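The next block holds one structure in the form of structure tokens; read it before the comments.
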Amino acid sequence: MKAAAFDYARAGDLAEAVRLLGEGEGSAKLIAGGQSLGPMLNLRLVRVGLLVDIRRLEALRTVEEGEGTLRYGALITHSEFEDGRVPDAGNGLLRQVGGGIAYRAVRNRGTLGGSLAHADPAADWISAFTALDATLQIEGPAGRRSLPLAGGLLGAFTLDLGETEILTAVEVPRLGAGARWGWHKINRKTGEFADAIGVALLDEERGFCRVVCGAVEGPPVVLAAVAEALRAEGRQAGRALVPAAVAEALPALDPVGRHLHVVAVQRAIDQVFGR
Amino acid sequence: MKRTVPLALTVNGDPVEAQVEPRTHLADFLRGALGLTGTHLGCEHGVCGACTVMIDGQPARSCITFAAACDGAEVRTVEGFSDDPTMAALREAFSQHHGLQCGYCTPGMLISARDVVARLPGADEQRVRLEMSGNLCRCTGYMGIVAAVKQVAGQVAEGVLPPGLPTGASLAGLPRVVAGGVSAPPAAPAPERLAETPAESLLSEADASWQALAESFTVGHPPAEVWRLFEDVAAVAGCLPGAELSEVAGERLTGRLRVKFGPIRGAFEGEGRHRPDPAAQSGLLQGSGLDRNSGSRARGEARYRLEPAGAGTRVSVEVRYQLTGPLAQFGRSGLVRDFAGRLTAEFARNLSARLEGGAGAARPARELDAVSLTLSVIWSRIRRLFGG
Ligand SMILES: Cc1cc2nc3c(=O)[nH]c(=O)nc-3n(C[C@H](O)[C@H](O)[C@H](O)COP(=O)(O)OP(=O)(O)OC[C@H]3O[C@@H](n4cnc5c(N)ncnc54)[C@H](O)[C@@H]3O)c2cc1C
Ligand code: FES
Ligand code: FES
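Chains as they are written, first to last, in UniProt numbering: chain W, 1 to 275; chain R, 1 to 388.
Below you can see the structure in the form of structure tokens.
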């Protein structure tokens, strides 16, 4: 299908993008890579009055290395993570995740910011960046603010972002050199959205351990009790808690769905400990 | 009529200038305006790969890339490789290995293959399969395609063929990595979440064609009081975000449910029936509605029941619904549950506020900011159910 008609403007800078969104009075939308919005416009699931193209905003393509942190511009593409063209705050995690999203032709245009703003529960970055404890940088008419990703995801497809706000960057603490991670995405065919995602991070240096159950019905679920057991008592203790933790966090899952999620999380944990 | 925008780009080495409608995707522009019909369209939503072209040296889907977004870009289609020995070798190898039958997928296959052999010379079969998985072929069964790509990737690795195309340079240039960095403004407090309401399942099974869902919540007012509110269908509808009743005639209701799910907005307009049973303090709402934008249709029914719970009332709702049309493609039941949970929470909050007699219920027809198509379904049924 073809998209319904809309107007198009390319923003010259961030301020102009914010202004254009404001002038659109709710009918304007940002487009970055267009890899989620494009299909929805073509299927006419989405109609917009004005598309504000931010893809050329250089300011959003920068990676800032801070002390113990990395801040990724919202326009970094999935394939730039995959190719290691940006430093990896997750000791290789982001490279692996980026390379497992969709297909190369989609990864070349799809952006980190677009994916997080779209907040599809089955998408990869929301789970990975929840595990890394990311904070989002947001620019809007009222200035700048930051928003922890974990609290900012309100539900499926819903990030706590105003219609005239722009996600500009994603800041994460850098994992220590000895930190280990596990990532397991279950999907039927390469490149598809996940049926289940498990992420586990263990950074003993920083005393940071997080286990995430993703591709669920809403925002990714942080399994705090599992992480605590992993950190304090080790692999088996953490692993053993997974079924109960998943069942408790996601009571509405059918048995097959629950099994998939349990397996994804357990395999991620196994990866942390080298299987 | 929306405005056209100027576009200047390079296609297969030649400069092209045109005025395009913003909604024109690159594939339509190439095929329609430039007559380059080698680029094929299959799904038009990014999945099949038939439309894959090179944009600035990288494969991309021309069906979900708007032409207007390619101003200044260097586009290369399957027609644009006559001077490229590596592409010539791929064409030859596809032919030799029976990598095509009808040929519909072939232009996209060749573009993706050209990228794979440049980026991953020497790729083995498994890697080739992984890398080519975004290009679907309904004819060949892939054996020949994989063999062809693997052979040419091997030749590139041996230095027999040049990788040629620049790889990795995206339009806006490589990302810049800078040291230092401004410190982040203090994180805002986490947003207040909707009231937590325990949800428990009342339905044990759903029949095949219908989706079923059950939710319950408690409000701090006795059943008799809550029931009075439930008899006022318009008041109840006012508590459901996005619902608007236009007419109530006895049992019959007419109205609309507006839904917003991420970027998707829908408005299901339709009719329903409300049959309250005061003796049992329960009722049935049924209805169906059409979203004119998408042509999607939702049908559903909801049974509700009030029961005393301590000093308050437990409101239980069982919903069955069916969504047909384009929006149904997005129907993942989990999303509906997530949405329904939030809808229920907001509904409960508005209902309690209304019962407190304050202006709290005065957040009436605002859409709850979170509904997928799928959700739309839910909405519609719930709204019917509660009176929209
Ligand atoms: C065939 C196919 C398969 C896919 N498979 C996967 C998969 O397996 N895993 C996965 O995670 N994803 C997958 N995707 C989605 C892909 O990752 C998208 O690139 C991503 O979801 C959106 O990024 P984008 O830059 O293209 O955003 P766009 O499509 O341009 O925008 C998406 C939404 O975010 C908003 N937006 C964009 N940028 C910003 C910003 N900076 N600030 C605020 N709002 C913004 C837009 O207004 C829009 O509502 C797939 C896509 C396709 C087509
Ligand atoms: S037509 Fe573009 S991916 Fe199918
Ligand atoms: S050759 Fe017919 S679809 Fe591939």
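Here a beta-carbon is modelled for each residue, glycine too, at the ideal position from N, C-alpha and C.
Keep in mind the model is a prediction, meaning the values are calculated, not measured.
| Check | Outcome |
| --- | --- |
| C-beta neighbour in chain W for Lys2 (chain R), strict 7 Å | yes |
| Through-space distance from Arg273 (chain R) to Glu244 (chain R), alpha-carbon basis | 15 Å |
| Closer than 9 Å at the beta carbon, the chain W residues around Cys239 (chain R) | The premise fails here: Cys239 (chain R) is roughly 19 Å from chain W at the closest Cβ pair, so nothing lies under 9 Å. |
| Beta-carbon contacts of Leu20 (chain W) that lie in its chain and below 8 Å, excluding the five residues immediately before and after | Ala9, Ala11, Ala28, Leu50, Val52 |
| Gln126 (chain R) Cβ short of 6 Å to ligand 3 heavy atom set | no |
| Near ligand 2: Leu41 (chain W) beta-carbon under 6 Å from a heavy atom | no |
| Short CB-CB distance (under 7 Å) between Ile138 (chain W) and chain R | no |
| CB contact flag (Pro107 (chain R), Thr39 (chain R), <7 Å) | yes |
| Gly33 (chain W): CB within 6 Å of a non-hydrogen atom of ligand 1 | yes |
| Gly110 (chain W) burial status per 10 Å Cβ neighbour count (16 or more: buried) | buried |
| Paired residues, beta bridge with Thr24 (chain R) - DSSP | DSSP lists no partner for Thr24 (chain R). |
| Proximity below 7 Å, CB of Val11 (chain R) to CB of Ala67 (chain R) | no |
| Residues of the segment 45 to 66 of chain W with Cβ closer than 7 Å to any Cβ of chain R, in chain order | Leu45, Val46, Arg47, Leu51, Asp53, Arg55, Arg56, Glu58, Arg61, Thr62, Val63, Glu64, Glu65, Gly66 |
| Min CB distance Gly46 (chain R) to chain W below 7 Å | yes |
| First and last residue of the uninterrupted beta strand (DSSP E) at Gln58 (chain R) | 58 to 61 |
| Any C-beta of chain R under 7 Å from that of Val222 (chain W) | no |
| Test: Asp13 (chain W) CB closer than 7 Å to a CB of chain R | no |
| Ala5 (chain W) in three-state terms, based on DSSP | coil |
| Beta-carbon separation (whole angstroms), Arg305 (chain R) vs Ser282 (chain R), contact threshold 8 Å | 4 Å |
| Spatially closest choice to Arg53 (chain R) from R:Leu30, R:Ala123, R:His45, by CA coordinates | Per the sequence shown, the amino acid found at residue 53 (chain R) is Val instead of Arg. For Val53 (chain R), the nearest C-alpha among the options comes from R:Leu30. |
| Short CB-CB distance (under 7 Å) between Thr190 (chain W) and chain R | yes |
| Near ligand 3: Tyr104 (chain R) beta-carbon under 6 Å from a heavy atom | yes |
| Buried versus exposed, by CB contacts within 10 Å (16 or more), Cys48 (chain R) | buried |
| The segment 92 to 102 of chain R contacting the segment 115 to 133 of chain R, beta-carbon criterion three pairs below 8 Å | no |
| CB contact below 7 Å: Gly270 (chain R) versus chain W | no |
| For Ala178 (chain R), the first and last residue of its enclosing beta strand (DSSP E) | In the sequence as presented, Ala is not what sits at residue 178 (chain R); that position holds Val. Looking at the DSSP string, the run of the beta strand (DSSP E) that includes Val178 (chain R) is 176 to 179. |
| Straight-line gap, Pro121 (chain R) to Arg299 (chain R) (C-alpha atoms, nearest Å) | 54 Å |
| Through-space distance from Val177 (chain R) to Cys137 (chain R), alpha-carbon basis | 40 Å |
| Closest residue to Leu355 (chain R) among R:Glu269, R:Val236, R:Val16 (Cα-Cα distance) | R:Val236 |
| Arg76 (chain R) at chain W interface by Cβ criterion, 7 Å | no |
| Beta carbon proximity, Glu204 (chain W) to chain R, threshold 7 Å | no |
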